[in-house]
Amino acid sequence: MFSKINIKLMESATPLLNAAYLSGEDINIASSLLYKAYHDDPFFMDCFNSKEQGYEQKLRAAIREELLVFWEQNQPMIGIYDDDDHLLAVACLIEPNSNFGSKRFWHWRLKMMLTAGMVSTKAMIEKEQKVREAIPAEQYHLIAFIAVHPNHQHHGVGHYLLDAIDTMLAEDKNSQGAGVLVTVDSYIGFFEQADYQPIAELKVGEINAKLMFKYVYSD
Numbered sequence: 341m342f343s344k345i346n347i348k349l350m351e352s353a354t355p356l357l358n359a360a361y362l363s364g365e366d367i368n369i370a371s372s373l374l375y376k377a378y379h380d381d382p383f384f385m386d387c388f389n390s391k392e393q394g395y396e397q398k399l400r401a402a403i404r405e406e407l408l409v410f411w412e413q414n415q416p417m418i419g420i421y422d423d424d425d426h427l428l429a430v431a432c433l434i435e436p437n438s439n440f441g442s443k444r445f446w447h448w449r450l451k452m453m454l455t456a457g458m459v460s461t462k463a464m465i466e467k468e469q470k471v472r473e474a475i476p477a478e479q480y481h482l483i484a485f486i487a488v489h490p491n492h493q494h495h496g497v498g499h500y501l502l503d504a505i506d507t508m509l510a511e512d513k514n515s516q517g518a519g520v521l522v523t524v525d526s527y528i529g530f531f532e533q534a535d536y537q538p539i540a541e542l543k544v545g546e547i548n549a550k551l552m553f554k555y556v557y558s559d
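My numbering applies: residue 341 is where the sequence shown begins, and numbers increase by one.
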């Protein structure tokens, strides 16, 4: 169980960065960062129908609702901060044996249907179900969201974020590794550099995506 304060995860190779669990005060900033990162994501563009009016509002509301449930259910949300405590990157994960997964609580489903619509809510749940059915492990973390601020991309921040995830996984004796669904082909190499391996091609809605997994072996 995570306390609702920043928790130092690891030391950076550079003193300008550190990794910590998000605090409640970071939720709004993290929500904005993820909104920017996923605005042009093929799955969400299909899920919320980007061609129709209201796409931005639905996406923003859906991301914020997800983060609030992550926070309420103590699911790990890792942030990368600079030495001025500015949030540069964030990753949200679902823990092993978590009832947070595809079996969302009814209050979440109701709120999501009110903000995103029934079809979009169903699509998000079905996507996660397909991912879970395809992962070849019983105990694992699932990366639900991951993003680096646009001004800090291509400077190693994303790789440091994946290193922080590795540190967390290594400390969790119940986890065999982490899975992530990649919906943008250009991101596949980013995860491959961190030893995530493609394990399945999935069709979610009208989008073809690649499911990747990284095993973490503990001593």
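No residue lacks a Cβ here, since even glycine has one placed at the ideal position from N, Cα and C.
Residue i, buried or exposed, once every other Cβ within 10 Å from all chains shown has been counted against 16
i: Ser343; result: Because Ser343 sits at a pLDDT of 38, beneath the cut-off of 50, its placement in the model cannot be relied upon, and the point is left open.
i: Trp446; result: Note on Trp446: pLDDT 49, under 50, position unreliable in the model; the coordinate value appears next. So Trp446 ends up on the exposed side.
i: Met458; result: exposed
i: Asn368; result: exposed
i: Leu356; result: exposed
i: Gly519; result: buried
i: Ala510; result: exposed
i: His481; result: buried
i: Lys543; result: exposed
i: Gln393; result: exposed
i: Glu478; result: exposed
i: Gln469; result: exposed
i: Gly364; result: exposed
i: Glu541; result: exposed
i: Glu546; result: exposed
i: Gln397; result: exposed
i: Gly498; result: buried
i: Lys554; result: buried
i: Lys513; result: exposed
i: Asn548; result: exposed
i: Asp366; result: buried
i: Ala359; result: buried
Range of the contiguous beta strand (DSSP E) that encloses residue i
i: His499; result: No beta strand (DSSP E) contains His499, which is instead part of the alpha helix (DSSP H) from 497-511.
i: Gly517; result: 517-522
i: Glu532; result: Glu532 -> not in any beta strand (DSSP E); alpha helix (DSSP H) instead, spanning 528-532.
i: Val556; result: Per DSSP, Val556 belongs to no beta strand (DSSP E) and is neither H nor E.
i: Glu541; result: 537-544
i: Ala477; result: Neither: Ala477 is in no beta strand (DSSP E) and is coded neither H nor E.
Start and end residues, alpha helix (DSSP H) containing residue i
i: Val471; result: 458-474
Whole-angstrom C-beta distance between residue j and residue i, which should lie under 8 Å
i: Lys376; j: Pro490; result: 6 Å
i: Cys387; j: Ala463; result: 5 Å
i: Leu562; j: Leu427; result: Beyond the ends of the chain as shown, which are 341 and 559, falls residue 562; an answer cannot be given.
i: Val471; j: Gly517; result: Their Cβ separation, rounded to whole angstroms, is 14 Å, which puts Val471 and Gly517 out of contact at 8 Å.
i: Phe530; j: Met552; result: At roughly 10 Å, the Cβ-Cβ gap does not stay under 8 Å, so Phe530 and Met552 are not in contact.
i: Pro436; j: Ser371; result: No, Pro436 and Ser371 are not in contact; Cβ-Cβ is about 25 Å, not under 8 Å.
Closer than 7 Å: residue i CB and nearest the ligand HEM heavy atom
i: Gln493; result: The ligand HEM is not part of this structure, which contains no ligands at all.
Would the segment 424-431 and the segment 397-405 be scored as touching if the rule is three or more Cβ pairs under 8 Å? no
Could you give the uninterrupted runs of the beta strand (DSSP E) lying entirely in the segment 355-419, keeping only those of 3 residues or more? 357-361
Stretch pair the segment 486-503 + the segment 526-536: three plus CB contacts closer than 8 Å: yes
Is there contact here, the segment 504-515 with the segment 412-419, by at least three beta-carbon pairs under 8 Å? Flag = yes, the segment 504-515 and the segment 412-419 touch.
Any contact of the segment 377-386 with the segment 510-524, i.e. 3+ C-beta pairs under 8 Å? yes
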